[in-house]
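Heads up, the thing below is written out as structure tokens.
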Amino acid sequence: MDSRMMGDDLHSVLVTAQQIDERLTELAAAIDADYAGREILLVGVLKGAVMVMADLSRKLASDVRMDWMAVSSYGSGTKSSGVVRIVKDLDTDLTGRDVLIVEDIVDSGLTLSWLVANLRSRGPASVEIAALMRKPSEAKVHVDVKYCGFDIPGEFVIGYGLDYAERYRTLPFVGTLAPHVYA
Ligand code: PRP
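Just so we're on the same page, our numbering is the position in the sequence shown counted from 1, plus 2.
Now the structure itself:
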């Protein structure tokens, strides 16, 4: 999918495919330096993180393993409530593992705050977060994102894994939707 297929549904491009690629290269270098000589367990949070996981993981020189979780946030509409249910749990025992959670976006921070606490309770050596984007204006709880791609405004964004009603995840860039799409 590209921007031409969106017609006037696309309002603006916030982060280009090239910017994403360059920033992920920088983050991968930082991760490789920090985890030198250690094996990393990358934990992707479905579904939004699939693109970041695919691209970031392939830029890493480190020895990595990959696992996935799916969580569901109770609450109304598109906003997190902080009450999270595990839909698909990890297959991996975290005891002694260096865990790096890979996310597309930290919005209120409620999902990741819950997830970090949950994974830390399983006896890992460490738990850190890599997120492509963060919305500082929307934060309800502090989440320590060690590897953050971009701080973005508090607008609803789509593309590069992020959806609106399950559409637009395969856009190569991150953009905002025209208001008439929501109407
Ligand atoms: C998004 C994103 C994070 C969460 C962030 O997932 O991938 O997991 O919301 O929001 P928060 O910081 O306010 O908790 P979403 O629930 O849209 O599911 P998806 O990844 O399957 O699209």
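All C-beta atoms, glycine included, are put in the ideal place defined by N, C-alpha and C.
Item, Value
"Span separating the alpha-carbon of E130 from that of V89", "21 Å"
"N-terminal and C-terminal residue of the beta strand (DSSP E) that M7 is part of", "No beta strand (DSSP E) holds M7; DSSP gives it neither H nor E."
"Under 8 Å between C-beta atoms of S64 and I33", "yes"
"heavy atom of the ligand PRP below 7 Å from E157 C-beta", "no"
"Paired residues, beta bridge with E140 - DSSP", "Answer is none; E140 lacks a bridge partner."
"Beta-carbon gap between V15 and F175 smaller than 8 Å", "yes"
"Buried versus exposed, by CB contacts within 10 Å (16 or more), G111", "buried"
"Helix, strand or coil at L187 [DSSP, three-state]", "Nothing can be reported for residue 187, as the shown portion of the chain is limited to 3 through 185."
"6 Å Cβ shell around G50 - same chain, five flanking residues per side excluded", "D106, G163, L164"
"Alpha carbon of G9 to alpha carbon of V47, nearest angstrom", "30 Å"
"Check: V176 C-beta below 7 Å from any heavy atom of the ligand PRP", "no"
"Span of the beta strand (DSSP E) around T178", "176-179"
"Residue from D23, M3, A180 with nearest C-alpha to F152", "D23"
"Near the ligand PRP: I160 beta-carbon under 7 Å from a heavy atom", "no"
"Residue closest to M135, alpha-carbon to alpha-carbon, out of L117, P155, V101, H144", "P155"
"Rounded distance between the beta-carbons of T178 and S159, thought under 8 Å", "Sequence check: residue 159 is Val here, not Ser. Their Cβ separation, rounded to whole angstroms, is 6 Å, which keeps V159 and T178 in contact under 8 Å."
"Own chain, CB closer than 6 Å to P181, minus 5 neighbours either side, in chain order", "none"
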